[in-house]
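K.L.:
First the structure, then my questions, so here it is.
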Amino acid sequence: MKLTSKARRASLAIAAVSCLTGAVLAGTAGPASAATAHTFKVCAYGNYTAYATLPQQGGISTTLIAPGTCGQLPLVSGSTYGKVWGVYNTNPGKSFYVGTAHFTAAKGWSGAAKGTTTGPYLVNLG
113 MKLTSKARRA SLAIAAVSCL TGAVLAGTAG PASAATAHTF KVCAYGNYTA YATLPQQGGI
173 STTLIAPGTC GQLPLVSGST YGKVWGVYNT NPGKSFYVGT AHFTAAKGWS GAAKGTTTGP
233 YLVNLG
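With my numbering as the guide, the letters of the sequence shown map in order to residues 113 to 238.
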């Protein structure tokens, strides 16, 4: 089948976007344990939803992080710790403390909220 020049250009544009998207995704995929400078990354590896706050940055927080996924926040100079919280499965309006992560903003931090709602704990992955 012979393509018109307009169809050929559209085909090439779609192929180029597909390749670029694949390259971007491949470039961002990496081990969950890799800490990225200036980033506070938390994964929810327990049986509960988690979120993190950075008190030294005005208390900004991640969105809710569903079990098996990760969330992150950018770090500014002077930040030295972040708090990780869990959300009760049976009472989504109520949170519980998981742990505090200490870091330098220049190095960043990568970790996970693990365990259960009755026995939560925080681990450093980076």
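We put the CB at the ideal spot given by N, CA and C, even for glycine.
Label Val188 either buried or exposed according to how many other C-beta atoms from any shown protein chain fall within 10 Å of its C-beta, with 16 as the threshold for buried.
P.N.:
So Val188 counts as exposed.
K.L.:
Could you check where the beta strand (DSSP E) with Tyr209 kicks off and where it finishes?
P.N.:
That run of the beta strand (DSSP E) goes 207–214.
K.L.:
Take Thr161 and list the residues in its own chain whose beta-carbon comes closer than 6 angstroms to its own, dropping the five residues that flank it on each side.
P.N.:
Hits under 6 angstroms: Leu176, Ala178, Val199.
K.L.:
Going by beta carbon distance, what residues of the same chain come within less than 6 angstroms of Thr165, once the five residues before and after it are set aside?
P.N.:
Taken in chain order, the residues that qualify are Gly171, Ser173, Lys195.
K.L.:
Give me the Cβ distance between Ala224 and Tyr193, rounded to the nearest whole Å; I'm assuming they're in contact under 8 angstroms.
P.N.:
So it is not a contact: roughly 16 angstroms between Cβ atoms.
K.L.:
For Thr220, which option in Gln184, Pro232, Trp197 has the closest C-alpha, if you only look at C-alpha atoms?
P.N.:
A small correction: the amino acid at residue 220 is Gly; Thr does not occupy that position in the sequence shown. Answer by Cα proximity: Gln184.
K.L.:
Tell me the rounded alpha-carbon separation between Leu237 and Ser191.
P.N.:
Cα-Cα distance, rounded: 19 angstroms.
K.L.:
Can you tell me the Cα-Cα spacing of Cys182 and Leu234, whole angstroms?
P.N.:
Going from the Cα of Cys182 to the Cα of Leu234 covers about 14 angstroms.
K.L.:
Assign Tyr209 to buried or exposed, taking buried as 16 or more other Cβ atoms, counted over all protein chains shown, within 10 Å of its Cβ.
P.N.:
So Tyr209 counts as exposed.
K.L.:
Within 10 angstroms of the Cβ of Ala156, are there 16 or more other Cβ atoms? Answer buried if so, exposed if not.
P.N.:
Under this definition Ala156 is a buried residue.
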